[in-house]
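These notes concern the structure reproduced below.
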Amino acid sequence: MNTQTSLVAEQIRLQQWADQIRDCQNRPSDMKVDVWCREHGLTKANYYYRLRRVREACLELCETSPSLVELTTPTDNVPEKEDQMHFSVAAVLHAGGITIDICSDASPEFLRNLMGAVSHA
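Structure (structure tokens):
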């Protein structure tokens, strides 16, 4: 129980620190970090410690997510080469800086796999 309480306390602390870091990064452009820290009751060293801890926590979250998601498509739905030139786009998906054109004859299985991959991108 004590370990679970410690984990929850750490998550809350990291969230509070992330909010502080976001506030500092949104400070006026002519304000230096040490001035912002002084106004918010932090030392500059403590601010950078918190920044490092929040970054490490974010990296841990990124590492637990799959970095590669394999998309499979049934071979019977693969169009012939000449048909690939004449497909009609039913939808365009913009996610994570990429654009995906979805054909009108895309199978539900392929769409499920695609959406799963996009949600992890």
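According to the numbering used here, the sequence shown is numbered sequentially starting from 10.
Glycine included, each C-beta is placed from N, C-alpha and C at the ideal position.
- Its chain contains W45 as the residues whose beta carbon lies nearer than 6 angstroms to that of C33, once the 5 sequence neighbours on both sides are disregarded; these appear in chain order.
- With 16 or more other CB atoms across the displayed protein chains lying within 10 angstroms of its CB, Y56 is buried.
- Taking a cut-off of 8 angstroms on C-beta distances, the stretch 35 to 44 does not touch the stretch 10 to 23, as fewer than three cross pairs fall below it.
- Taking all protein chains in view, the Cβ of R47 is surrounded by fewer than 16 other Cβ atoms within 10 Å, so the residue is classified as exposed.
- Your pair A100 and I111 checks out as a contact, with CB atoms roughly 4 angstroms apart and the cut at 8 angstroms.
- Shown here, L23 sits in a helix according to DSSP, grouped into three states.
- Taking all protein chains shown into account, R59 has 16 or more neighbouring C-beta atoms within 10 Å of its C-beta and is therefore buried.
- Contact between L80 and L120 does not hold, since the beta-carbon distance rounds to 10 angstroms and is not under 8 angstroms.
- Ranked by how close their Cα comes to the Cα of R64, the residues Q13, V98, A115, A27 have A27 in first place.
- Taking a C-beta distance under 8 angstroms as the contact criterion, S128 and S113 do not qualify as a contact pair.
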